[in-house]
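Chains as they are written, first to last, in my numbering: chain X, 16 to 476; chain Z, 27 to 127.
Even for Gly, the Cβ is constructed at its ideal location relative to N, Cα and C.
What you are looking at is a predicted structure, and each value in this text was computed from that prediction instead of being measured.
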Amino acid sequence: MPTPVKVLVPTGALGAGCPEDAFQRGVSLGPDVLAVDAGSTDSGPYYLGAAVSKMTDAATKNDLRQLMLARDKLGVPLIVGSCGTSGTNAGVDWMARLCEEIAVEEGLTPTVALVYSELTAAGLAPYLAKGAITPLPPMGELTQARLDECDHIVGLLGYEPLAAAIAAGADIVLAGRTTDTAVIAAVPLMRGLPAGASWHAAKTSECGGLCTVQTRRGGVFMTIDETGFDIEPLAADNRCTPFTVSSHLLYENADPYRLTEPGVVLDAKGASYTALDDRVVRVTGSRAETRPYTMKLEGSGAAGYRTMIFTAVSDPKIMDRIGDWLSRLEAFLREGIGKVLKIEAADYQLDLRPYGWNALDPRRAPTDRPPIEVGLMVLATAATQARATEIAKFCNPYLLHFPLNPDDPLPSFAFPFSPAEVVLGPQYEFKLNHVVHLDDPCELAVTRTFIAGRGEFHAAA
Amino acid sequence: MRQLKDVARYVRSKNAGPFWVTVDVFCDDQASYDTLCAAPSLGAVAIAELYGVGSNHVRIFHDDNLKVIKISFPRPIAQGSTLDVDSHAGQQFVPLLSVAV
């Protein structure tokens with residue numbers, strides 16, 4: 016019978032921090048593994064498209080140092096998934112450089128496995144050709160052209176390549192894009208614990224302390240065994256309750272009961288949540304169903320460059336007829352962009368967002384309540400930055416002065432900046448929501464090992 | 027007729043991956059939960075109309091233990107795309123607050 020496995024999850028995202036007292040309390044409980052996720056698609060397509068991290072070097076290094084020192088003291092594996100926010104090869108190399116710096120500074124020499132999962136359109140072409148890539152709703156069938164539009168593509172690793180790296184002797188695993196849960200479930204699964212309990216524990220703790228009462232007091236500590244798992248906050252003065260633990264499955268999941276992971280579907284519908292005391296919850300009864308092995312693909316590609324102008328309007332006469340004014344302004348700007356700049360409608364996007372007046376309403380429904388003021392964000396998007404800025408510059412005088420009626424005295428609105436145009440740089444869009452069917456879970460993972468602290472690391476990407 | 031915000035304790039919305047939005051409606055007591063479960067304004071057709079999406083894609087879950095109604099639907103515009111106004115879909119619960127229940 017496999018022995019229980021204790022997992023310490025310090026935070027929902029490496030770089031978000033874990034209070035030292037809470038972390039050290041978790042360390043004192045003797046975890047068998049330290050597991051943390053370092054990325055997500057949650058912050059939008061830019062980080063994958065541009066292959067840069069959302070988190071700063073300083074914050075990430077602080078958290079990684081805390082974990083590397085604890086790992087050295089405990090002699091247990093440390094797993095970091097989705098390095099560099101989007102898990103590109105550059106993200107893994109960035110994390111490896113921080114790891115190397117810390118090792119030198121602290122005199123540590125851990126064996127580090129880098130598990131890369133960045134893919135290319137060319138590399139995926141054979142899978143597409145043999146029908147091994149299928150869409151997830153609401154996406155349609157994938158085409159090679161769609162793959163070619165991506166600047167970066169990553170595949171979400173399951174637990175298997177992480178477990179393989181640990182089995183081969185890695186002290187630290189720094190992985191490319193990985194499912195948030197695989198990072199946490201890897202060691203329990205490789206030690207033979209049930210899939211239902213392991214995946215459910217991982218799903219519950221993937222956001223760190225979000226399944227606790229005081230969500231900013233650090234992460235959680237879990238013990239996974241043959242029949243379920245116990246979960247408690249790292250901080251002694253924080254609590255898990257059956258409500259905080261069970262309701263976390265709702266968070267950011269379209270389906271709160273059935274959660275798909277590579278090769279498995281977690282079914283948490285029949286799970287029971289019991290308070291063991293006022294801060295520890297035991298969860299039992301979750302099941303896992305084996306499925307053909309699939310790896311989810313994420314891709315992000317350039318969608319032009321953007322320049323923004325922001326103006327503000329509080330003239331009561333315009334506020335009373337803000338809808339009319341906006342319609343006329345937009346029509347006027349579009350006509351001028353065509354006639355004066357000679358830019359075809361198909362070659363740019365102009366997006367007027369009246370913040371304070373239904374900018375966030377999906378239907379842009381009229382209100383019966385005139386706003387006191389409206390911040391009007393105007394976004395010009397085009398194939399080059401120069402063109403986007405040209406469009407924004409054309410709009411500039413009219414966003415300063417555009418009367419409600421043609422014979423009204425000229426109004427002046429409120430620019431907060433000079434220059435009024437703000438260059439936003441490249442704009443990206445998510446292009447993929449598909450899975451690739453694999454014969455071997457490790458088929459598209461590339462693992463490279465080095466000993467940190469000895470100058471052995473050299474970036475691959 | 028009461029509005030949803032008068033009956034529910036807490037309502038939130040969030041992206042569920044780049045292509046889906048999910049809204050959670052939390053109730054304090056069984057009576058409120060039963061009221062909301064029975065409200066036609068929280069059915070798939072009404073939700074599709076409210077958010078401008080196809081009703082065959084709207085998914086609604088009733089969690090009797092938590093007294094939560096969960097509503098998920100595909101985003102009309104993928105997260106972070108050029109025309110997206112709410113990247114994390116964090117304010118997309120607001121139109122629901124004033125529906126009649």
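Taking 8 Å as the CB-CB cut-off, is residue i touching chain Z?
i: X/ASP57; result: yes
i: X/THR10; result: An answer regarding residue 10 of chain X cannot be provided, because it is not within the stretch 16 to 476 covered by chain X.
i: X/GLN442; result: yes
i: X/ASP362; result: no
i: X/MET154; result: yes
i: X/ARG368; result: yes
i: X/ALA374; result: yes
Anything in chain X within Cβ reach of residue i, meaning under 8 Å, just list it in chain order.
i: Z/LYS40; result: TYR266 and GLU267
i: Z/SER107; result: PRO60, ALA318, GLU444 and PHE445
Starting from residue i, trace the beta strand (DSSP E) both ways and give me its first and last residue.
i: X/ALA65; result: No beta strand (DSSP E) contains X/ALA65, which is instead part of the alpha helix (DSSP H) from 61-65.
i: X/GLN442; result: 436-445
i: Z/TRP46; result: 46-52
i: X/CYS98; result: 93-100
i: X/ARG86; result: First-last for X/ARG86: 72-89, but that is the alpha helix (DSSP H), not the beta strand (DSSP E).
i: Z/ASN41; result: 36-41
i: X/VAL450; result: 449-452
i: X/GLN364; result: 363-370
i: X/HIS167; result: 167-170
i: X/TYR320; result: 309-328
i: X/THR196; result: Counting along the chain, X/THR196 falls outside any beta strand (DSSP E), though it belongs to the alpha helix (DSSP H) covering 195-205.
i: X/GLY243; result: 243-248
i: X/PRO150; result: 148-150
i: Z/LYS96; result: 94-100
i: X/SER287; result: 287-290
i: X/THR219; result: No beta strand (DSSP E) holds X/THR219; the alpha helix (DSSP H) holding it covers 210-220.
Specify, as a first and last residue, the run of the alpha helix (DSSP H) that residue i falls within.
i: X/THR56; result: That residue, X/THR56, is in no alpha helix (DSSP H); it is neither H nor E in DSSP.
i: X/ALA182; result: 175-182
i: Z/VAL111; result: No alpha helix (DSSP H) contains Z/VAL111, which DSSP labels as neither H nor E.
i: X/LYS408; result: 400-415
i: X/ILE337; result: 337-354
Please check if any C-beta of chain X sits within less than 8 Å of the C-beta of residue i.
i: Z/ARG35; result: no
i: Z/HIS88; result: no
i: Z/SER113; result: yes
i: Z/GLN118; result: yes
i: Z/LEU92; result: yes
I'd like the list of long-range same chain contacts for residue i, defined as Cβ closer than 7 Å, with 5 residues on each side in sequence excluded.
i: X/PHE409; result: GLY351, ILE352, VAL355 and LEU356
i: X/LYS69; result: SER58, TYR62 and THR100
i: Z/TYR36; result: PHE52
As a quick exercise: from the options, pick the residue whose alpha carbon is nearest that of residue i.
i: X/THR126; options: X/ASP376, X/ALA183 and X/PRO426; result: X/ALA183
i: X/ALA460; options: X/LEU172, X/ALA73 and X/LYS76; result: X/LEU172
i: X/SER342; options: X/PRO386, X/TYR320 and X/LEU391; result: X/LEU391
i: X/THR18; options: X/TYR288, X/LEU208 and X/LYS284; result: X/LEU208
i: X/ARG463; options: X/PRO46, X/PRO152, X/THR124 and X/VAL130; result: X/VAL130
i: X/THR322; options: X/VAL438, X/LYS76 and X/LEU151; result: X/VAL438
i: Z/LEU109; options: X/ASP422, X/LEU365, X/PRO386 and X/LEU84; result: X/LEU365
i: X/PRO441; options: Z/LYS31, Z/GLY106 and Z/HIS114; result: Z/GLY106
i: X/ALA160; options: X/LEU415, X/GLU359, X/GLY316 and X/PRO386; result: X/GLY316
i: X/THR149; options: X/VAL451, X/PHE472, X/PRO60 and X/SER329; result: X/VAL451
i: X/ARG306; options: X/TYR288, X/ILE324, X/ARG273 and X/ASN448; result: X/ARG273
i: X/SER261; options: X/VAL295, X/LEU123 and X/PRO141; result: X/VAL295
i: X/LEU312; options: X/THR56, X/LEU29 and X/LEU23; result: X/THR56
i: Z/ASN82; options: Z/ARG38, Z/VAL49, Z/ALA70 and Z/MET27; result: Z/ALA70
Taking 7 Å as the cut-off, is the CB of residue i close to at least one heavy atom of the ligand MN?
i: X/PHE236; result: In the structure on display, the ligand MN does not appear, and there are no ligands present to speak of.
For residue i, which residues of its own chain have a beta-carbon under 6 Å away from its beta-carbon, when the five flanking residues on both sides are left out?
i: X/TYR174; result: ALA197, ALA200, ALA201 and LEU204
i: X/ALA85; result: VAL42
i: X/ASN186; result: In the sequence on display, residue 186 of chain X carries Asp and not Asn. Contacts found: PRO125 and THR126.
With a CB to CB cut of under 8 Å and the five nearest residues on each side skipped, what residues in its chain are close to residue i?
i: X/ARG40; result: LEU249, ALA250 and ALA251
i: Z/GLN56; result: LYS93
i: X/CYS33; result: PRO25, THR26, ASP78, GLN81, GLY223, GLY233, GLY234 and LEU249
i: X/LEU415; result: THR326, SER427, PHE428, PHE430 and ALA435
i: X/LYS88; result: VAL42
Taking Cβ-Cβ distances shorter than 9 Å, what residues in chain X pair up with residue i?
i: Z/LEU62; result: What Z/LEU62 touches in chain X: nothing, since even the nearest Cβ is about 15 Å away.
i: Z/GLY78; result: PRO377 and ARG378
i: Z/ASP50; result: SER262, LEU265, TYR266 and PRO271
i: Z/ARG85; result: ALA269 and ASP270
Report the neighbours of residue i on chain X: residues whose CB is nearer than 7 Å to its CB, in chain order.
i: Z/LYS96; result: LEU265 and PRO271
i: Z/ALA104; result: GLU444 and PHE445
i: Z/GLY43; result: THR56
i: Z/PRO66; result: What Z/PRO66 touches in chain X: nothing, since even the nearest Cβ is about 19 Å away.
Given that residue i touches chain Z, what residues does it touch there, using C-beta distances under 7 Å?
i: X/THR396; result: THR108
Which chain Z residues sit within Cβ distance under 9 Å of residue i?
i: X/ASN448; result: GLY43, PRO44, PHE45 and ALA104
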